[in-house]
Amino acid sequence: MPMPTEERVSQLVAGLVERRGFDLEGVDISTAGRHADAQAKVKVTVDSDGTADLDAIATLSSELSLLLDDAGDFGETPYLLEVTTPGIDRPLTADRHWRRAQGRKVRVTLRPGAEPPEPGGSARFEARVGALGQDSVALVFGGKRNPHRVHVPLADIAEAVVQVEFSPPGARELELAGGVAPGRPEPGRDDDALAVDDAAAVRGTTEALPVTASDSTEGIVE
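Structure representation (structure tokens):
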């Protein structure tokens, strides 16, 4: 029996994820082994406003295991279900990503032909995320020494990725950004690198043991 596509699994889990108060950020399916020994890994990435609760993630993982088991799309192929939250390398591609990244430092790459927000500046730069507008986002340049705010059209941004910070931002810099999004880690904390780079470990990862259509198991928190 062929593996279900990521699109198919996304369609299966989207409703349940939304009902539990999360946004579905992606589904990734990979396989290991060959033929009779093959096993699938299903990674479901979710996010929400504020900090994801470990118990809520564990409950969602268990419910998703049952849902996929009942759907039967994997047939007799055992699979490992991992429910996780986005890591640092997740690009900001939707409005909700920008809102949740407020107060964080990001590396931005502009689209070809877009005018850099700083005179004589580069098409690739780092800045701190401020408030999101209807068609633009506020970005704070200058760091602690010379913080100043500009507005960049979202249409001009090709990619933006949150950066790890090892020291806290200046008070004025953070003030211009409008503070940190509620429930999100403060930039520059001692555990900031871990909180951003491995959000799954800090904010909750659950895995279901290998299951088949006739053998579902509860999720366990790593």
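Start counting the sequence shown at 894; every next residue gets the next number (the working numbering). Where is the CB? At the ideal position from N, CA and C, for every residue including glycine. The structure displayed is predicted, hence computed values, not measured ones.
E900 and D942 have their C-alpha atoms roughly 24 Å apart. In the structure shown, R1021 falls within a strand segment according to DSSP collapsed to helix, strand and coil.
By alpha-carbon distance to G1071, the top candidate from G919, R913 and L1025 is L1025.
L1003 and V920 have their alpha carbons spaced roughly 27 Å apart. Within the same chain, L917 and V939 come within 6 Å of V910 by CB-CB distance, once the 5 residues on both sides are set aside.
When DSSP states are grouped into helix, strand and coil, L985 belongs to the coil group.
Boundaries around S1029 are those of the beta strand (DSSP E), S1029 to F1034, since no alpha helix (DSSP H) includes it. In the three-state reduction of the DSSP assignment, V1057 falls in the coil class. Secondary-structure assignment with DSSP links S923 through a beta bridge to K934.
Exposed is the label assigned to Q904, since fewer than 16 other Cβ atoms lie within 10 Å of its Cβ. Proximity to P971 across S1029, V1045, V1073 and A925 peaks at A925, based on C-alpha coordinates. Secondary-structure assignment with DSSP links T1002 through a beta bridge to R1017 and E1052. Between the segment 991–1008 and the segment 1042–1052 there are three or more inter-stretch CB-CB distances shorter than 8 Å, so the stretches are counted as touching.
Inter-residue distance for R989 and R1042 is about 21 Å (C-alpha atoms, whole angstroms). Residue pairing by DSSP puts T977 in a beta bridge opposite T938. Boundaries of the beta strand (DSSP E) harbouring V1045: H1041 to P1046, taken from the DSSP string. Note on the segment 943–967: whole alpha helix (DSSP H) runs with a minimum of 4 residues are 947–964, in chain order. The residues E918, T938, D940 and A1092, in chain order, have a CB closer than 7 Å to that of P979 in the same chain once the five nearest residues on each side in sequence are set aside. Between A964 and the set P1040, A1074, V902 and P1062, the nearest pair of CA atoms involves V902.
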